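Asker: The listed protein sequences derive, respectively, from chains A and B. Residue 74 in the working numbering sits at position 74 of the first sequence, and the numbers go up by one each step. Residue 491 in the working numbering sits at position 274 of the second sequence, and the numbers go up by one each step. From the three backbone atoms N, C-alpha and C, an ideal C-beta is built for every residue, glycine too. On a predicted model such as this, the values are computed, not experimentally measured, just so you know.
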Amino acid sequence: MVEFDQSAPLRIAVPRGALFTETLDLLESVGLNTREVRENDRKLLFRDVGIITMRPSDVPTYVEAGAADIGITGKDVLMEQAERDVHEIADLGYGRCTMIVASEAGTDSVADALRRLGIVKIATKYPKIATQHFLATGRQAEIVEVKGSVELAPLAGLADAIVDLTATGTTLRENNLVIREQIVVCTARLIANPVADRLKASAIDALLSKIAQTVES
Amino acid sequence: MADRIPSGTRDVLPDEMRELRDLTERMRAVFDRAGYGEVYTPALEYERTFTRDGAAPKGSYRLFDEAGEVLVLRADMTVPIARLVGNRYASAELPLRFCYFAHAYRNVRPKRGQSREFLQAGVELIGAPGAQGTAEALTVLSDALEAAGLRRFRIGVGDQALYPALLDQLGVEAEARELILTELVAGDFVGVQREVHRLNLHGAEAELLLTAPRRRGGAEILNGLTGPLAHAGMGMRALLELLPERVAERVIFDFGLVREIGYYTGAVFEVYDPAHGLPLGSGGRYDHLLGGFGRDLPAVGFGLEVERVHVALAAEERERG
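1) Could you check if A/Asp-5 is buried or exposed, using at least 16 other CB atoms within 10 Å of its CB as the buried criterion?
2) Can you check whether the C-beta of A/Asn-193 is within less than 8 Å of a C-beta belonging to chain B?
3) Which runs of the beta strand (DSSP E) fall wholly inside the segment 123-174 of chain A and span at least 3 residues, in chain order?
4) Looking at C-beta atoms only, is the number of pairs between the segment 190-207 of chain A and the segment 130-147 of chain A that lie closer than 8 Å three or more?
5) Out of B/Tyr-253, B/Ala-292, B/Gly-344 and B/Arg-333, which one is the CA nearest neighbour of B/Arg-512?
6) Below 8 Å on C-beta distance, what does A/Leu-199 contact in chain B?
7) Can you tell which of B/Gly-494, B/Glu-534, B/Gly-518 and B/Arg-502 has the C-alpha that lies nearest to the C-alpha of A/Val-86?
8) Distance check for A/Gly-95 and A/His-133, CA to CA, integer angstroms please.
9) Tell me which same chain residues have a C-beta within less than 8 Å of the C-beta of B/Pro-381, skipping the five on either side of it?
10) If you reduce the DSSP assignment to three classes, tell me which class B/Lys-275 lands in.
11) Between the beta-carbon of A/Thr-73 and the beta-carbon of A/Pro-56, is there less than 8 Å?
12) Less than 6 Å between C-beta atoms, sequence neighbours within five positions excluded: which residues of the same chain meet that for A/Val-59?
13) Less than 7 Å between C-beta atoms, sequence neighbours within five positions excluded: which residues of the same chain meet that for B/Pro-346?
14) State the CB to CB distance for the pair B/Gly-404 and A/Glu-88, rounded to an integer number of angstroms; the pair is presumed to be in contact (CB under 8 Å).
15) Could you tell me the boundaries of the beta strand (DSSP E) in which B/Leu-530 lies?
16) At a Cβ threshold of 8 Å, is A/Val-86 touching chain B?
17) In this structure, does DSSP put B/Gly-225 in helix, strand or coil?
18) Nearest-angstrom Cα distance between B/Arg-411 and A/Thr-98?
19) Three or more C-beta pairs closer than 8 Å, one from the segment 288-305 of chain B and one from the segment 236-250 of chain B: is that the case here?
20) With distances taken from CA atoms, which of B/Tyr-503, B/Glu-462, B/Ser-332 and B/Val-468 is nearest B/Tyr-480?
21) Assuming A/Leu-26 and A/Thr-214 make a contact with CB atoms under 8 Å, what is their CB distance in whole Å?
22) With DSSP run on the structure shown, which of helix, strand or coil describes B/Ser-308?
23) Express the C-alpha separation of A/Val-178 and B/Arg-369 in angstroms, rounding to a whole number.
24) Within a Cβ cutoff of 8 Å, which residues of the same chain sit near B/Ala-365, ignoring the five residues on either side of it in sequence?
25) Where does A/His-87 fall in DSSP's three states?
26) Tell me, to the nearest whole angstrom, how far the beta carbon of A/Leu-92 is from that of A/Arg-189; I am working on the premise that it is less than 8 Å.
27) In chain B, what lies closer than 8 Å to A/Thr-90 by C-beta?
28) Measure the C-alpha to C-alpha separation of A/Ala-90 and A/Leu-32 and round it to an integer number of angstroms.
29) I'd like to confirm something about B/His-320: is its beta-carbon nearer than 7 Å to some heavy atom of the ligand GTP, or not?
30) Are any of the Cβ atoms in chain B nearer than 8 Å to that of A/Val-2?
31) Please report the distance separating the alpha-carbon of B/Gly-276 from that of B/Tyr-322.
32) Can you give, in chain order, each stretch of the beta strand (DSSP E) that sits fully within the segment 363-445 of chain B and has at least 3 residues?
33) Could you tell me the alpha carbon to alpha carbon distance between A/Val-110 and A/Thr-131, rounded to whole angstroms?
34) Under three-state DSSP, which class holds B/Ser-332?
35) Hey, how far is the Cα of B/Pro-259 from the Cα of A/Ile-100?
36) Under 8 Å, Cβ to Cβ, is there at least one residue of chain B near A/Glu-64?
This is how it looks when you write it as structure tokens:
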């Protein structure tokens, strides 16, 4: 007989940060007990409920390697790591943000730089998405990767504009930046390891249908 | 400082080499018993050999010889063996059975489980059409994995032609068809959904396009199929009936399984093991590839990534204690 355990529970990669609470709410609503995860800031591995927590950009890494069967992360992370071999199996709808191009209020510095210098300097935490966006729109851009507080870059003269993710636009306004272009709307996605998506198909499908019911109601 | 070796390559030391050799010998014995003769082809071939049937595989290494001809390092063994059949077996009796243990090369971004130089073990069965040929290849595949020592592996079986046929039957136009197939090959089911909704099909038709690629499981998923899926289900059932019990219980039928490589025409396979996050190998039917090399023969084959099989085996053994 084939040695194979379909009943093994799923291991789920949960992102800490902006998507954390809504992700745990969703998992709670489909029957997982997430109290221990909520109450524990430092712990990362919750063996009993099959949850591991990490920063959102690490979720595709764990899922691709099969260290987690499924995971939740933003579409922005998936676009930035497009080479990852994972299945994107559901749009969870929450964590809605927009990837935008923004620059200082007043004259549009992007258009200005392109007109006078033929190239625009863009600071971003999302070099792949930014590169792809300017390539697709036929404009030369020098992409400067920064790791945090990207709003600072145009104010300090590092770049003409930024490509960043915004939910409410508050941080942009506070830094006197205005949205010039919308690139894409990003929401939370459920991803699966391609091998687990076959070997644990019934568990994954059962979870998906529960999620679909929750999202509808 | 030590002399470096290129990223994605590695040295193999005696302990690992002994285990790898042991593993490949066990697989070779299975291939040999099933009548598959071992062949070896050059690591370097002319580029046109690989571009004959469409584009060369993604990420092939290219170089120039002294006459300015473009050479490539083989990215798999299927195309070189197709060429070999055209060159050296122009009138041989059918079917032809070949096996190989050879390195192939791809310029991938090295990450977990992906190397730029990797050892493949596989077979090609040439001149054996339809379910009969496919069943033989699947049996050899399953027996080789079992001989290797893996206990928990499964073999995913899909049909490369299924989803394109569905799209054709629903009259989806070429441009939208390409977009949907690209999303499907990438495993982006949210993308498939987005593109299907743009088609403005009837509810039931859209539903079919969305649910079909998520249908995967044992023989039970072949039950109660109607409409456009019934035909595909019949094909898979015919295949199932030809498989010995020990192979049939390993199979996961998967209506969403499509392979990126362009030469596949019908049944396609992938090998999964819970001890490894990536497929251990893959294969399928390529009924038109040989035609480009002068012998228009149906064929089927598979290639296993020996190093991944080794990793999975080590992990399974660790778990067994």
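Answerer: Here's the rundown:
1) Along the first sequence, one-based indexing puts residue 5 of chain A at 5. With a pLDDT of only 49 at A/Asp-5, under 50, the local geometry of the prediction cannot be trusted, and no value is derived from it.
2) Numbered from 1 along the first sequence, position 193 holds the residue referred to as residue 193 of chain A. Interface residue, yes.
3) 141-145 and 161-166
4) no
5) Position 295 of the second sequence, counted from the start, is the residue given in the question as residue 512 of chain B. The candidate whose alpha carbon is nearest that of B/Arg-512 is B/Gly-344.
6) By 1-based counting over the first sequence, the position of residue 199 of chain A is 199. Within 8 Å Cβ-Cβ: Arg-371, Ile-469, Tyr-489 and Pro-491.
7) Here residue 86 of chain A refers to the residue found at position 86 when the first sequence is read from its first residue. That would be B/Gly-494, whose Cα lies nearest to the Cα of A/Val-86.
8) In the first sequence, residue 133 of chain A corresponds to position 133, counting from 1. In the first sequence, residue 95 of chain A corresponds to position 95, counting from 1. About 22 Å.
9) Taking the first residue of the second sequence as 1, we reach residue 381 of chain B at position 164. Correct list, in chain order: Arg-394 and Leu-398.
10) The count along the second sequence starts at 1 and reaches residue 275 of chain B at position 58. Of the three classes helix, strand and coil, the one that applies to B/Lys-275 here is coil, per DSSP.
11) In the first sequence, residue 73 of chain A corresponds to position 73, counting from 1. In the first sequence, residue 56 of chain A corresponds to position 56, counting from 1. Cβ distance < 8 Å, so A/Thr-73 and A/Pro-56 count as in contact.
12) Counted from its first residue, the first sequence places residue 59 of chain A at position 59. These residues qualify, in order along the chain: Ala-13, Pro-15, Gly-71 and Thr-73.
13) Within the second sequence, the letter at position 129 stands for residue 346 of chain B. Only Pro-515 meet the Cβ criterion.
14) By 1-based counting over the second sequence, the position of residue 404 of chain B is 187. By 1-based counting over the first sequence, the position of residue 88 of chain A is 88. 7 Å between Cβ atoms; contact.
15) Here residue 530 of chain B refers to the residue found at position 313 of the second sequence. First-last for B/Leu-530: 523-537, but that is the alpha helix (DSSP H), not the beta strand (DSSP E).
16) By one-based count along the first sequence, residue 86 of chain A stands at place 86. Closer than 8 Å: yes.
17) Along the second sequence, one-based indexing puts residue 225 of chain B at 8. Three-state result, B/Gly-225: coil.
18) Residue mapping note: residue 411 of chain B aligns to position 194 of the second sequence, counting from 1. Residue mapping note: residue 98 of chain A aligns to position 98 of the first sequence, counting from 1. Looking at the two C-alpha atoms, the distance is approximately 18 Å.
19) no
20) As a first step, residue 480 of chain B is located in the second sequence; it is residue number 263 there, counting from the start. It is B/Tyr-503.
21) By 1-based counting over the first sequence, the position of residue 26 of chain A is 26. By 1-based counting over the first sequence, the position of residue 214 of chain A is 214. Right, the Cβ-Cβ distance comes to about 7 Å (below 8 Å), so this counts as a contact.
22) The count along the second sequence starts at 1 and reaches residue 308 of chain B at position 91. Coil at B/Ser-308, not helix or strand.
23) Mapped onto the second sequence, residue 369 of chain B falls at position 152. Mapped onto the first sequence, residue 178 of chain A falls at position 178. Each residue's Cα considered, the two are about 56 Å apart.
24) Residue 365 of chain B sits at position 148 when you count from the first residue of the second sequence. The answer, listed in chain order, is Leu-240, Arg-243, Met-244, Val-526 and Leu-530.
25) Reading the first sequence from its first residue, position 87 is the one you call residue 87 of chain A. Three-state result, A/His-87: strand.
26) Mapped onto the first sequence, residue 92 of chain A falls at position 92. Mapped onto the first sequence, residue 189 of chain A falls at position 189. Confirmed, Cβ separation roughly 6 Å.
27) Here residue 90 of chain A corresponds to residue number 90 of the first sequence, with the count starting at 1. According to the sequence as given, residue 90 of chain A is Ala; it is not Thr. What A/Ala-90 touches in chain B: Phe-406 and Val-407.
28) Taking the first sequence and counting its residues from 1, one reaches residue 90 of chain A at position 90. Taking the first sequence and counting its residues from 1, one reaches residue 32 of chain A at position 32. One C-alpha to the other measures close to 18 Å.
29) As far as ligands go, the structure on display features none, and thus does not contain the ligand GTP.
30) One-based indexing of the first sequence puts residue 2 of chain A at position 2. Reliability fails at A/Val-2, whose pLDDT of 45 lies under 50, so the model's placement of it is uncertain and no value is given.
31) Here residue 276 of chain B is taken as the residue at index 59 of the second sequence, counted from 1. Here residue 322 of chain B is taken as the residue at index 105 of the second sequence, counted from 1. B/Gly-276 and B/Tyr-322: Cα-Cα distance of roughly 9 Å.
32) 371-376
33) On the first sequence, position 110 is the one that residue 110 of chain A refers to. On the first sequence, position 131 is the one that residue 131 of chain A refers to. The alpha-carbon atoms of A/Val-110 and A/Thr-131 are separated by roughly 14 Å.
34) By 1-based counting over the second sequence, the position of residue 332 of chain B is 115. In the structure shown, B/Ser-332 sits in coil (DSSP, three-state: anything other than H, G, I, E or B).
35) Against the second sequence, residue 259 of chain B aligns to sequence position 42. Against the first sequence, residue 100 of chain A aligns to sequence position 100. About 51 Å.
36) Looking up residue 64 of chain A in the first sequence gives position 64. Yes, contact with chain B.
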